[in-house]
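**Student:** Residue numbers (my numbering): 20 to 391.
Think of the CB as a built atom: it goes at the ideal place given N, C-alpha and C, for glycine as much as any other residue.
Being a predicted model, the structure only gives us computed values, none of them experimental.
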């Protein structure tokens with residue numbers, strides 16, 4: 020049973036979380052072994068590739084190899100750092116708000132985004148921490164509170180390991196498309212400037228007097244970059260499972276119908292949840308799927324707890340051109356090609372659209388905050 024002590028339910032304490040409900044629709048995604056991939060098991064690599072074509076989501080076993088165990092241990096450290104960070108006074112967190120920075124880094128408060136046409140606010144707060152700040156000592160003006168700045172040496176091993184793991188997975192998928200390893204690696208080098216980032220999130224318990232659909236933490240979206248490695252210990256993440264028009268069990272991003280349903284991605288102990296992003300769909304011309312997803316409060320007794328998650332987003336380098344790559348397994352455009360732009364410009368355009376002047380004005384009016 021969930022703890023009756025409400026104060027305990029705000030703590031990050033995965034050992035005390037009740038089990039995930041067994042009677043909910045869950046996403047039928049593959050469980051991939053990191054150990055087998057590292058041992059160059061081609062059958063496992065084929066399963067990985069199929070998962071990236073079909074749903075763009077898969078579970079990654081991080082307890083069957085020391086590399087994975089290090090990643091899992093680091094994720095637990097990051098979640099505890101998230102707990103410490105979100106306990107800071109709201110006024111302190113607001114100083115680092117993304118709306119003030121005009122960037123994709125820093126703090127996002129709950130309610131800063133709307134989840135529907137009626138203007139229902141989201142419920143998640145998160146802190147986005149630049150890979151380049153952590154690994155490459157890049158400046159981060161007004162982006163990070165003291166809990167992040169003072170724990171940089173704790174952040175660095177996890178960010179490095181997560182980035183390396185993401186690029187390793189991308190390389191395996193790329194080779195199945197016919198790309199040479201360097202074509203993938205050279206677009207995602209850790210020492211080159213990019214929008215890759217660590218994101219720490221916190222969303223409140225389920226309000227059982229209201230419809231969960233009115234308490235969306237993160238609204239429906241696909242990820243911007245190449246690949247995301249996620250650790251969460253409570254349910255709530257949902258994947259859109261589309262219905263293929265001809266009734267078959269296989270589809271890719273460029274051939275999806277609008278019909279389908281939301282299914283829960285069950286948190287499985289010892290596994291990370293991995294999904295591809297839009298950049299890989301672009302590079303592969305739709306062969307690979309950037310799975311649509313959203314986050315609700317955890318269902319059942321898990322909903323009594325504050326939900327923390329740790330995500331690492333591997334994104335292409337800023338000067339990488341977003342275009343269809345040439346390889347045997349990638350269909351090429353016929354006729355006029357789309358205009359090309361760098362991923363860095365793409366991120367800037369995204370940030371301006373999401374955190375433009377209107378949002379800054381709304382944020383200031385809502386919180387009566389003064390920009391320092």
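What does DSSP give as the partner residues of residue 117 in its beta bridges?
**Tutor:** Paired residue(s): none; residue 117 is not in a bridge.
**Student:** So, under 8 Å CB-CB, residue 312 and residue 351 are touching, yes? Tell me the CB distance rounded to an integer number of Å.
**Tutor:** Contact doesn't hold; Cβ gap of about 29 Å is too wide.
**Student:** Using only the alpha-carbon positions, how far apart do residue 36 and residue 102 sit?
**Tutor:** If you take the alpha carbons of residue 36 and residue 102, they lie about 16 Å apart.
**Student:** Measuring only the C-alpha atoms, how far is residue 174 from residue 298?
**Tutor:** Cα to Cα, the separation comes out at about 25 Å.
**Student:** May I ask you to report which of helix, strand or coil DSSP gives residue 371?
**Tutor:** Looking at residue 371 - three-state DSSP - the assignment turns out to be helix.
**Student:** Expressed to the nearest angstrom, what Euclidean distance is found between the alpha-carbon atoms of residue 45 and residue 242?
**Tutor:** When rounded, the distance between both Cα atoms is 20 Å.
**Student:** Taking Cβ positions, are residue 362 and residue 345 nearer each other than 8 Å?
**Tutor:** Not a contact, by the Cβ cut-off of 8 Å.
**Student:** Compute the Euclidean distance between the alpha carbons of residue 188 and residue 366, then round it to the nearest angstrom.
**Tutor:** Distance between the alpha carbons of residue 188 and residue 366 is about 23 Å.
**Student:** Kindly indicate which three-state DSSP category residue 216 falls into: helix, strand or coil?
**Tutor:** It is a strand residue.
**Student:** If you reduce the DSSP assignment to three classes, tell me which class residue 44 lands in.
**Tutor:** Reduced to three states, the DSSP call for residue 44 is coil.
**Student:** Who are the Cβ neighbours of residue 325 in its own chain at under 8 Å, not counting the five residues just before and after it?
**Tutor:** Answer for residue 325: 28, 29, 30, 31, 221, 222, 223 and 224, listed in chain order.
**Student:** Less than 7 Å between C-beta atoms, sequence neighbours within five positions excluded: which residues of the same chain meet that for residue 273?
**Tutor:** Its pLDDT being 43, under 50, residue 273 is placed unreliably in this model, and the value from its coordinates should be taken loosely. Result list for residue 273: 305, in chain order.
**Student:** Can you give me the Cβ contacts of residue 143 inside the same chain, cut-off strictly under 8 Å, excluding the 5 residues immediately before and after it?
**Tutor:** Excluding sequence neighbours, residue 143 sits near 127, 129, 220, 221, 222, 236, 237 and 314.
**Student:** As a quick exercise: from 33, 137 and 204, pick the residue whose alpha carbon is nearest that of residue 232.
**Tutor:** Comparing Cα-Cα distances from residue 232 to each of 33, 137 and 204, the minimum goes to 137.
**Student:** Going by DSSP in three states, residue 130 sits in which element: helix, strand or coil?
**Tutor:** Three-state DSSP puts residue 130 in coil, outside helix and strand.
**Student:** Look at the alpha carbon of residue 327 and the alpha carbon of residue 146, and state the distance between them as a whole number of angstroms.
**Tutor:** Taking the straight line joining both Cα atoms gives about 11 Å.
**Student:** Comparing C-alpha positions only, which one of 186, 216, 218 and 229 sits nearest to residue 208?
**Tutor:** Closest option to residue 208, Cα to Cα, is 186.
**Student:** Taking residue 281 as the reference, give the member of 218, 308, 39 and 47 with the closest Cα.
**Tutor:** Nearest of 218, 308, 39 and 47 to residue 281, Cα basis: 47.
**Student:** According to DSSP, residue 1 sits in a beta bridge with which residue or residues?
**Tutor:** With the chain represented from 20 up to 391, any question about residue 1 goes unanswered, as that position is not in the structure.
**Student:** Can you round the beta-carbon distance between residue 194 and residue 201 to whole angstroms, since I take them to be within the 8 Å contact cut?
**Tutor:** In fact, because the Cβ distance is near 11 Å, the residues do not count as touching under 8 Å.
**Student:** According to DSSP, is residue 319 part of a helix, a strand, or is it coil?
**Tutor:** Residue 319: helix per DSSP, three-state reduction.
**Student:** Select from 302, 322, 34 and 86 the residue whose C-alpha is nearest the C-alpha of residue 198.
**Tutor:** Considering only alpha carbons, the answer is 302.
**Student:** Between which two residues does the beta strand (DSSP E) containing residue 145 stretch?
**Tutor:** Residue 145 -> beta strand (DSSP E) spans 144-149.
**Student:** Comparing the CB of residue 135 with every heavy atom of the ligand SAM, is any distance shorter than 7 Å?
**Tutor:** This structure lacks the ligand SAM, and indeed carries no ligand of any kind.
**Student:** Would you check if the distance between the CB atom of residue 300 and the CB atom of residue 206 is smaller than 8 Å?
**Tutor:** No.
**Student:** Taking the C-alpha atoms as reference points, what is the distance between residue 26 and residue 133?
**Tutor:** Confidence at residue 26 is low in this model, with a pLDDT of 48, below 50, so its placement is unreliable and the value that follows should be read with caution. About 28 Å.
**Student:** Under DSSP, the alpha helix (DSSP H) around residue 393 begins and ends at which residues?
**Tutor:** Only positions 20 to 391 of the chain appear in this structure, which leaves residue 393 out of reach.
**Student:** Let's test the definition: count the other Cβ atoms within 10 Å of the Cβ of residue 116 and tell me whether it reaches 16, buried, or not, exposed.
**Tutor:** Burial call: buried.
**Student:** Identify the continuous alpha helix (DSSP H) that holds residue 85 and give its terminal residues.
**Tutor:** Element bounds for residue 85: 85-105.
**Student:** Please state whether the Cβ-Cβ distance between residue 307 and residue 75 is less than 8 Å.
**Tutor:** Yes, these two residues count as a Cβ contact at 8 Å.
**Student:** Could you check the C-alpha separation between residue 353 and residue 342 for me, to the nearest Å?
**Tutor:** Going from the Cα of residue 353 to the Cα of residue 342 covers about 14 Å.
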